[in-house]
Each structure stands twice: as C-alpha cells, then as structure tokens.
Amino acid sequence: MKRSLTLEIALTHLLTKRKQTVVAMLGVTFGISMFLVMISFMTGVNDFTKRLAMEEAPDIRIYNPLEIEKNTIIAKAAPDTTGNVYVVHHQRPKNVLPKLRNAIMLSQSLEAMPEIKGVAPQVATQVFFNNGPIRITGSLLGIDVKRQGELFTLARKMDAGELLDLLGVNDGVILGYGLAKKMNVGIGDRVSITTSEGNILMLRVVGIFSYGMADFDNARAYATLATVQKIMLRDPSFITDLHIKMYDNTQAQVMAEKISQEFGVHAEDWTTANAPLLAGENIRYAMTGIISFTLLLVAGFGIYNIMNMNIINKLKDIAILKATGFESRQIVGIFLWQSAIIGLLGGIVGLTLGYGFCLALSHTPFPNGDIIRIETMPVNFNPQHYIMGFCFGVITTVLAGFFPSLKAAKVDPVQIIRG
Amino acid sequence: MPILQAKQITKYFHEPETVQVLKEVDISVEQGEFLSIVGKSGCGKSTLLYILSTMDTDYGGELNIKGQKLNGWSQNQLARFRNENLGFVFQFHFLLPEFTALRNVMMPALKLGKYSYAEIEQRALDKLRMVEMDGFAHKMASKLSGGQQQRVAIARALINDPTIIMGDEPTGNLDKVNSQRVFEIFQELARQNHQTIITVTHDQDFAAGSDRVIVMSDGQIVQE
Numbered sequence: 440m441k442r443s444l445t446l447e448i449a450l451t452h453l454l455t456k457r458k459q460t461v462v463a464m465l466g467v468t469f470g471i472s473m474f475l476v477m478i479s480f481m482t483g484v485n486d487f488t489k490r491l492a493m494e495e496a497p498d499i500r501i502y503n504p505l506e507i508e509k510n511t512i513i514a515k516a517a518p519d520t521t522g523n524v525y526v527v528h529h530q531r532p533k534n535v536l537p538k539l540r541n542a543i544m545l546s547q548s549l550e551a552m553p554e555i556k557g558v559a560p561q562v563a564t565q566v567f568f569n570n571g572p573i574r575i576t577g578s579l580l581g582i583d584v585k586r587q588g589e590l591f592t593l594a595r596k597m598d599a600g601e602l603l604d605l606l607g608v609n610d611g612v613i614l615g616y617g618l619a620k621k622m623n624v625g626i627g628d629r630v631s632i633t634t635s636e637g638n639i640l641m642l643r644v645v646g647i648f649s650y651g652m653a654d655f656d657n658a659r660a661y662a663t664l665a666t667v668q669k670i671m672l673r674d675p676s677f678i679t680d681l682h683i684k685m686y687d688n689t690q691a692q693v694m695a696e697k698i699s700q701e702f703g704v705h706a707e708d709w710t711t712a713n714a715p716l717l718a719g720e721n722i723r724y725a726m727t728g729i730i731s732f733t734l735l736l737v738a739g740f741g742i743y744n745i746m747n748m749n750i751i752n753k754l755k756d757i758a759i760l761k762a763t764g765f766e767s768r769q770i771v772g773i774f775l776w777q778s779a780i781i782g783l784l785g786g787i788v789g790l791t792l793g794y795g796f797c798l799a800l801s802h803t804p805f806p807n808g809d810i811i812r813i814e815t816m817p818v819n820f821n822p823q824h825y826i827m828g829f830c831f832g833v834i835t836t837v838l839a840g841f842f843p844s845l846k847a848a849k850v851d852p853v854q855i856i857r858g
Numbered sequence: 003m004p005i006l007q008a009k010q011i012t013k014y015f016h017e018p019e020t021v022q023v024l025k026e027v028d029i030s031v032e033q034g035e036f037l038s039i040v041g042k043s044g045c046g047k048s049t050l051l052y053i054l055s056t057m058d059t060d061y062g063g064e065l066n067i068k069g070q071k072l073n074g075w076s077q078n079q080l081a082r083f084r085n086e087n088l089g090f091v092f093q094f095h096f097l098l099p100e101f102t103a104l105r106n107v108m109m110p111a112l113k114l115g116k117y118s119y120a121e122i123e124q125r126a127l128d129k130l131r132m133v134e135m136d137g138f139a140h141k142m143a144s145k146l147s148g149g150q151q152q153r154v155a156i157a158r159a160l161i162n163d164p165t166i167i168m169g170d171e172p173t174g175n176l177d178k179v180n181s182q183r184v185f186e187i188f189q190e191l192a193r194q195n196h197q198t199i200i201t202v203t204h205d206q207d208f209a210a211g212s213d214r215v216i217v218m219s220d221g222q223i224v225q226e
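Just so you know, the protein sequences line up as chains A and B, in that order.
In this note's numbering, each residue's number is its place in the first sequence (first place is 1) plus 439.
In this note's numbering, each residue's number is its place in the second sequence (first place is 1) plus 2.
Next up, the structure:
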C-alpha cells in the first residue's frame, strides 16, 4: 500500500510533466540504442576480420624459422678459455633447409593427440607466375587436398571449379581471384610457373578461389604436394610446413609450447602469428567501451539535471508531504521511482530502436572493393549486448536519480513553508 | 495531564547574525482547547508553532505531546508521529496540484495505512462534506479557488483524526466569509470532537472567538 502510494505520486508527476518525461526518456533511449549500434557493429567488424584471418590460418604452424646461431664458432673452437668474450659483428644466418625432418612421422604422432583435430602438410615456395610477357611474384602452396579440404575453408571459398579437381588432373593449379584476373586466365587455361631456382613448369588452371582478402587472392596459388615437390625437384618426403587445427583454439598457445618441447621443432600458435590483429581488436574494444560509457554517462547527466530541476519545482510538495508525515525514504522513493521508470521505458524503447538500427545497418551494402569482399556491413546480434546495454542504462538512470532524490529527502519543510 | 506541554523552549537564529527568538517559553495545552497565539510580526509565535509541530527540531527545552517526550527522536520517527497525531493548516494551502481534492485529502491516510482503501475514500468524502467541499472532490486541486483549497487543506488535516490541529495563519489569505467558515469548523472540532486546536493568527476576530489567547512579544509570553 505504502509503496504503491509513492509509485502513484511518481507516476502522477511523470504524467503531468509529459514533455519533460519524454525528453528524459529520449536521453536514455539514444544512449542505449547508440551503445547497441556501436558495440554490435564493432564486434561485427572484429569477428569478421578475425574469421577472415582465422578460418584459413592454422591454429599452430610448425616450420623451420631462420635463426642466428647463438654460439659463435670461435667460442666453440676454444671452449676452455673461460672469461673470454667473443663479439662477432654482422653475423649471417646459417643455411636452414625449409624441409621439416620426419614430417610424415611427426604429423602422425601429432594427429594422435586428443586436442588436435588434424594436421595438414604443406610445401610452400616463392614463384613467378607467367602468362605471356607478365611476371607476377606470388607463393605456390603444395597441399594435401583432402586434409586441406577437411580442416580449412578453401573448398568453400571456390569462385569457380572445385578443390577436388586438383586430384583429377596432372599439374593442376587453383589460382587466387586477383591473380587470375591480373593474368586474365580462366579454368582450362595454362600458366607457366618459374621457381627462384629457375625451374619452369606449365600448370593448368582447374579452379579460382577468393577469400575476400587481397593478400591471399592476389598472390596465392594451390597445387598438390606432388606437383610442387616436382617443381622444386624434391622428393615426396619434402614438407616445409605442418598446419595444425585444434578443437579448441584458445589452447593453442599452451599446445604450441608442448609441441616445441616434446618434438624439438619450432611451433608457432595463432596468437603470436596474429599479434597485430589481436592488438587492433583490443584497441577497438577499448574504444567501443569508452565511447559507449560516455554515451550512457551523458544520458545519465541529462537525467541528473532533469531530476534536479524536477525537485526544485516540487519543493513545496515535498515540504507538505513531509509535514503530513512522509518519511525520508518515501520521499526518496517518489523520485527514485520516477528515474527508474524513465530508465526502464527509455531502455526498452532504446533496445527496440537499437535493434532496428542494427538491422538496417546489417542490410546496408558495403562499398564493395577488391580488398575485402563482403556484401553488407558486418553486424553482430548478441543478446548479451542487449542485456548489458539495458542494465547499464537503467543503473545509470537510477544512480543519476538517486542523488537528487537524497537531496529531496533532506529538504527542511519549515524553511519551505515559512518562505 | 495536558495534551501538549513545552518547557523552557529556547531558539536561536544564526543567520544573518545570532538572535534569540524564543526565551524560555513554557506552554501547556489541554485536550479540546482552542488556543490562539497572537503577537506582532517577528515576536516568535510562528517559530514556536513549528517547534510544537515537531518539524523544527533545532531548539532547546523539552517538548511532550500525548505524554511522550519527543526530544531526541529521529526525523522519520517524528514524521510518523505527525502523520498519526498532528494535522496542519497553513496560510498558503499547499495542496499537491496534480491530484484531485479527494486524493489530497486521502494522502496522509494512505501513508498511515490504518484503514482499507475504500474506507479511506469514504472517510475523505466525509471530511470534505464537513468543510462543504464534497461537491469538488474530483476536481484538480490546482483548479480550485483559494478559499476552496484552504477548506480542502483542513479536510486533509483532519483525515487521520489527529489529536492536535495546528494552524499557521489559517485565515491569513482568506476573505471575511471564508475566514468565518474556517473559524466555525475549528470551533466545531474543539467542541464536538474534543480535538485540540493551536493557531497562530493576526486575525483579531478569530483570536477573540477562541477559548484561550496567548500574546507573545519579543520571544516571550506576555499575557495569557
């Protein structure tokens, strides 16, 4: 009964000052809806870029990196001269063969591990693609077609032809969309490939892929392991990379260390390989957070001002309520109800409006360049964001109303009544 | 046993400079008494009334109402005490403008929560009838004339059947006819309901009609 009385007074105040109520509500509404648009779009972009990079990237990559020998030969030659310091200027890296030792055995033992979904061997090499007078540098990747198809998204990224077509022909190649466009070749055409050692081979185009990323689409081509080994004049055991997909890629860092120690190979996890990407993502999240917080804070200040004005206008009413026996907490209740109702209504409208904006944005065509191929703006629809925005909005409004309400409860009725 | 007893009430104003407004005032009021306090402006009569009303707690001395010593009570305790035992009529009517006359009258009773909603509504209508305002029960308070608002304010003061009704210049803002009517209502309350009336007034006729008149001057009672 008593609680509903404070609610009733609060509602009456809100309803008699309709315009002011709506203005206060709009503050919350825009705060929350803009917050939703911001965070949905930002996480949409983050997820999109991450997916773009992650889908085709291995969780862990095993390869032989170029390294500088730590122990100089001169130190090795005279091990007993302790206390001597040898300084070698401009040391050259030692000749590291890109070949992984025992790659087949290694991949078998890796696949036996329960955390690992699969291992795809690769032979990677730099080549020139020639078509007539044009020479384009790029990389040719020899892949285990079946494994690659199972573990990675290449099969789904085909613009023309099929991934499995590689198996059907001798010396087939799948070209990136941009690469094929530059050379003006299509399925069935032949391109000649020159390796850095000068070996030349004619390959037949059996498919064209497109990841939507210029880095890949303009400079990559896939062929079978055997084809690439043949160009490089190597034997079938020549493997340069093992690409590992895990069931849970958040465990990649731990797993990479374990592999390094257990097998004595260089294993690099995706967080190391994509450090700039992750850094960019964190910066975007931080910015989103700051801007969203500011939006809601501004809405909060708006409500604070409106409630303060409201209370100054209602000083007489407060005085009379106190004179007739209303306690402090009931006075607080009256004004807190008002800001809570403003927050709740504004929040609900804000959620709806925010969802509408997101929906509209997700149907907005993205200016379609060759760099990133995407139809519409990437927007996330995560219920968590909606819950977060709503809670944060309501909490901000209630807090913004709380301090003016406390002030109202402290009004001295005698001062007001005596004038 | 007097219904209200105040002993050695002293009060200072500190702004703009320290002035003693009440000098060890003793006052005691019996149940059913109709008391008027008169005196020139600034003599401290209103200040005394607000101390007796429990709204002003910044004073020296002792205040007993209905046998309870009210010194040292918290603001919330005093608010509950006022709600149940005291009714107020001010010079300016102070109704809540967004509510109907009926709702204004019901408010203190809804706060008290002693009766059901329907009973409170019925009681409020009875009180409005007593001040001849029952015809305006569903009118917005802001739409009523000054005299009508003052009568609604009286009905509101009566809703919880308070022991003491206090008025600060209740007729100060009213014409002759309305003043007379307010006076008659107060007299009836004292005579028939044995409710105690304490008013501060400038109105000579009003004071002359009451049971007892206290004259104050310079913070002291100079004549009973």
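Glycine included, every Cβ here is placed at the ideal spot set by N, Cα and C.
Please read all numbers here as calculations on a predicted model, not as lab measurements.
Item checked: Within 9 angstroms of chain B by C-beta, residues of the stretch 754-770 of chain A in sequence order -> Cβ contacts with chain B come from Lys755, Asp756, Ala758, Ile759, Leu760, Lys761, Ala762, Thr763, Gly764, Phe765, Glu766, Ser767, Arg768 and Gln769.
Notebook entry, point to check: Taking 9 angstroms as the CB-CB cut-off, is Leu130/B touching chain A?
Noted result: Answer no: the Cβ-Cβ gap between Leu130/B and chain A never drops below 9 angstroms.
Margin query: Using a Cβ-Cβ cutoff of 8 angstroms, what residues of the stretch 110-140 of chain B are near chain A? List them in chain order.
Written below: For the stretch 110-140 of chain B, which is checked against every Cβ of chain A, the residues closer than 8 angstroms are Pro110, Leu112, Lys113, Leu114, Gly115 and Tyr119.
Next item on the list: Examine chain A for any beta-carbon lying closer than 9 angstroms to the beta-carbon of Ser30/B, and answer yes or no.
Entry: At a cut-off of 9 angstroms, the C-beta of Ser30/B has no neighbouring C-beta in chain A.
Check: Cβ of Tyr661/A within 9 angstroms of Cβ of Ile575/A?
Finding: Between Tyr661/A and Ile575/A, the C-beta gap is not smaller than 9 angstroms, which leaves the two residues out of contact.
Note to self: Quick check: what's the CA-CA separation for Asn821/A versus Thr803/A?
What the structure shows: One C-alpha to the other measures close to 19 angstroms.
Checklist line | CB contact below 9 angstroms: Thr460/A versus chain B | finding: No, Thr460/A does not count as interfacial toward chain B.
Notebook entry, point to check: Exposed or buried, which one is Met641/A when buried takes at least 16 other CB atoms within 10 Å?
Noted result: With a 10 Å radius around the Cβ and a threshold of 16 neighbouring Cβ atoms, Met641/A comes out exposed.
Next item on the list: Run down chain A in chain order and give the residues with a C-beta less than 7 angstroms from the C-beta of Glu100/B.
Entry: Chain A residues near Glu100/B: Thr451, His452 and Thr455.
Next item on the list: Determine the contact status of Ile683/A and Gly557/A, defining contact as a CB-CB distance below 9 angstroms.
Entry: Closer than 9 angstroms, so yes.
Checklist line | Per-residue contacts from Asp58/B into chain A (C-beta, under 7 angstroms) | finding: Within chain A, the residues near Asp58/B are Val853.
Notebook entry, point to check: Going by other Cβ atoms of all chains shown within 10 Å of its Cβ, with 16 needed for buried, is Leu863/A buried or exposed?
Noted result: In the structure as shown, chain A starts at 440 and stops at 858, and residue 863/A therefore has no counterpart that could be examined.
Next item on the list: Run through the stretch 160-197 of chain B for me and flag every whole alpha helix (DSSP H) of 4 or more residues, listed as ranges in chain order.
Entry: If we require 4 residues or more, the alpha helix (DSSP H) runs fully inside the stretch 160-197 of chain B come out as 178-195.
Check: Val91/B and Pro172/B look like a contact to me (Cβ under 8 angstroms); what is the Cβ gap, rounded to whole Å?
Finding: So it is a contact: roughly 4 angstroms between Cβ atoms.
Item checked: Cβ neighbours of Tyr686/A in the same chain (closer than 7 angstroms, five flanking residues each side left out) -> Cβ neighbours of Tyr686/A within its own chain (closer than 7 angstroms, five residues either side excluded): Glu554 and Lys556.
Check: Can you tell me the Cα-Cα spacing of Ile729/A and Asn744/A, whole angstroms?
Finding: Going by the C-alpha atoms only, they are around 22 angstroms apart.
Next item on the list: State the Cα-Cα distance for the pair Tyr61/B and Gln222/B, rounded to the nearest angstrom.
Entry: Rounded to whole angstroms, the separation of the alpha carbons of Gln222/B and Tyr61/B is 15 angstroms.
Checklist line | Unbroken stretches of the alpha helix (DSSP H), 4 residues or longer, contained in the stretch 26-66 of chain B | finding: Here the runs fully enclosed are 47-54.
Notebook entry, point to check: Closest by CA to Lys129/B, which one among Lys116/B, Arg105/B, Ser144/B and Lys113/B?
Noted result: The shortest Cα separation from Lys129/B among Lys116/B, Arg105/B, Ser144/B and Lys113/B belongs to Arg105/B.
Notebook entry, point to check: Are any of the Cβ atoms in chain A nearer than 9 angstroms to that of Phe208/B?
Noted result: Phe208/B does not count as touching chain A.
Notebook entry, point to check: Fully enclosed by the stretch 754-790 of chain A, which alpha helix (DSSP H) runs are 4 residues long or longer?
Noted result: Within the stretch 754-790 of chain A, the complete alpha helix (DSSP H) runs of at least 4 residues are 754-762.
Note to self: Quick check: Val566/A and Ser548/A, are their CB atoms within less than 9 angstroms of each other?
What the structure shows: With respect to the 9 angstroms criterion, Val566/A and Ser548/A are not classified as neighbours on the basis of their beta carbons.
Margin query: Is Leu444/A close to chain B? Criterion is C-beta to C-beta, closer than 9 angstroms.
Written below: Closer than 9 angstroms to some Cβ of chain B, the Cβ of Leu444/A qualifies, so yes.
Check: DSSP three-state call for Ile200/B: helix, strand or coil?
Finding: Three-state DSSP puts Ile200/B in a strand.
Next item on the list: Taking C-beta pairs closer than 9 angstroms, name the residues in chain A that Arg82/B reaches, listed in chain order.
Entry: Neighbours of Arg82/B on chain A, chain order: Gly764 and Glu766.
Check: Got a sec, what are the start and stop residues for the beta strand (DSSP E) Glu707/A sits in?
Finding: Ala706 to Asp708 is the extent of the beta strand (DSSP E) around Glu707/A.
Check: Gln93/B: buried (16+ other C-beta within 10 angstroms of its C-beta) or exposed?
Finding: Taking all protein chains in view, the Cβ of Gln93/B is crowded by 16 or more other Cβ atoms within 10 Å, so the residue is classified as buried.
Note to self: Between Gly785/A and Val467/A, how many whole angstroms is the CB-CB distance? I'm expecting something under 8 angstroms.
What the structure shows: That belief holds up - the Cβ atoms of Gly785/A and Val467/A are roughly 3 angstroms apart, short of 8 angstroms.
Check: Roughly how many angstroms separate the alpha carbons of Gln154/B and Ser778/A, rounded to a whole number?
Finding: Note that residue 154/B corresponds to Val in the displayed sequence, not to Gln. A direct Cα-Cα distance of roughly 30 angstroms separates Val154/B from Ser778/A.
Note to self: Just to confirm my understanding: we take Ser144/B, look at its own chain, exclude 5 residues before and 5 after, and list those with CB closer than 7 angstroms. What are they?
What the structure shows: Leaving aside the five residues that flank Ser144/B on each side, the residues in its chain whose CB is nearer than 7 angstroms to its CB run, in chain order, Pro99.
Check: For the alpha helix (DSSP H) that contains Arg723/A, what are its first and last residues?
Finding: Boundaries of the alpha helix (DSSP H) harbouring Arg723/A: Ala714 to Asn752, taken from the DSSP string.
Next item on the list: Would you decide whether Ala542/A is buried or exposed? Buried here means 16 or more other CB atoms lie within 10 Å of its CB.
Entry: Ala542/A is buried by the Cβ-count criterion.
Note to self: So, with DSSP's three-state summary, where would you put Tyr116/B?
What the structure shows: For the sequence presented, residue 116/B should be read as Lys rather than Tyr. In the three-state reduction of the DSSP assignment, Lys116/B falls in the coil class.
Next item on the list: Count the other C-beta atoms from every protein chain shown that fall within 10 angstroms of the C-beta of Ile834/A, then say buried if there are 16 or more, exposed otherwise.
Entry: The residue in question, Ile834/A, is exposed, as its Cβ has fewer than 16 Cβ neighbours within 10 Å.
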